[in-house]
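Enquirer: Sharing a structure, written as structure tokens. Questions coming.
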Amino acid sequence: MRYLHFTELIDGTFRLLRLHFKKLYLLSFCFSLPFLVLEVWWIIYQTESLRSGENSDTFFYYLGGSIQYFFVLFLLYPILQYASLQMLNQEELRGTSTLKKTMLHSFRAIFAHLPFILILTAISGVIISSIWLLTPHTQVDIAGIVFLCELLIALLASYFFIRFGLTIPVFMMERRTLRFAIKKSWTLSRGKVWQTFGALFFLGMFKSLIAMLSMSFLDWALWDLAYLSLLWYTIGSLITIGIGPILFLFTPLYIALFYQNQLILTEATDIKEQIRRLTPDRR
């Protein structure tokens, strides 16, 4: 395997997904189904509250979505990250054995991902508190506050996602201490701004477009007749639950490729340095 550049990593992510689609999709579907059902229920609940004339607090609407997103990061993402690594490193892919290993070691993966969650939570808290204190608390302002907070947090998350996302591969595959894994994950991604921030921003935009499509169908139910609302709910729910497991796989697969790619680069650099030291200077 040779060292891959940014566009090749993106292309490799989609190629791996296509190559092992059935097993990866089933694996992601098993773990992500509770989160996707919760997402659909939350949107339908808020939509029906608005339809019935109840006052739906925008702040609590987005707060509920943020809490769900937090648990996706805290539980779902580390599990899928480890599962992706297992499937990429097995010569003969077996969905059942991978599922068992993932369940067995999911706590270790979550534990390895904990530093990222704590740092992101701390930064998010500072951002939200600062903007909240400096802005009047009207209904329109609350929506603007939430949007601005989500934008800033998403940018920070995109940058830190791979830098700390590499903690899971190092911790799980190399069987080293968590402290070593954090240090090495930061070292492996040093100077790779475009491959870290740019790649996740690109993948995030792709995921957002599909997510917005499913959200549109669910939101259209608010403005349509009752019998058509059921149709929009059904289409939106099927898109969310059917396509959602695929969207969750993009980042874990990319990080698994990025990790192996950086290992190759590091090993090649070390070998080159050893050859330089062993070769006498003939000048």
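The sequence shown runs -14 to 268 under the working numbering.
All C-beta atoms, glycine included, are put in the ideal place defined by N, C-alpha and C.
As the structure is a computational prediction, the values presented were derived from the model and not from experiment.
(1) Residue range of the alpha helix (DSSP H) that S170 falls in?
(2) For H98, does the three-state DSSP call read helix, strand or coil?
(3) How is the alpha helix (DSSP H) around L(-6) delimited, first residue to last?
(4) Can T(-2) and L242 be called in contact, C-beta distance under 8 Å?
(5) How is R93 classed by DSSP in three states: helix, strand or coil?
(6) Using alpha carbons as the reference points, say which of V22, R0 and M157 lies closest to Q71.
(7) Are I95 and F16 close, meaning C-beta to C-beta below 8 Å?
(8) Between L232, I102, L151 and L60, which lies nearest to Q245 when the distance is taken from Cα to Cα?
(9) Taking F149 and F92 to be in contact with their CB atoms under 8 Å, please state how far apart those CB atoms are, rounded to whole angstroms.
(10) Consult DSSP for T251 and reduce its assignment to one of helix, strand or coil.
(11) Give me the Cα-Cα distance between P154 and I231, rounded to the nearest whole angstrom.
(12) Less than 8 Å separating the beta-carbons of I226 and L21?
(13) What is the residue span of the alpha helix (DSSP H) that F156 lies within?
(14) Once the 5 residues before and after L9 are set aside, which same chain residues still bring their CB inside 6 Å of it?
(15) Assign Y218 to buried or exposed, taking buried as 16 or more other Cβ atoms, counted over all protein chains shown, within 10 Å of its Cβ.
Expert: Reading it off the structure:
(1) Start and end: L163 to L173.
(2) Judged by DSSP in its simplified three-state form, H98 adopts helix.
(3) Start and end: F(-9) to L4.
(4) Yes, they are a contact pair.
(5) Reduced to three states, the DSSP call for R93 is helix.
(6) Nearest of V22, R0 and M157 to Q71, Cα basis: M157.
(7) The beta carbons of I95 and F16 sit no closer together than 8 Å.
(8) Of L232, I102, L151 and L60, the residue nearest in Cα terms is L151.
(9) So it is not a contact: roughly 18 Å between Cβ atoms.
(10) Residue state, collapsed to three classes: helix.
(11) Their Cα atoms are separated by approximately 21 Å.
(12) Pairing I226 with L21 gives a Cβ-Cβ distance under 8 Å.
(13) It spans T152 to M158 - the alpha helix (DSSP H) in which F156 sits, taken as one unbroken run.
(14) Sequence-distant partners of L9 (beyond 5 residues in either direction) whose C-beta falls short of 6 Å from its own C-beta, in its chain, are L234.
(15) Buried: at least 16 other Cβ atoms inside 10 Å.
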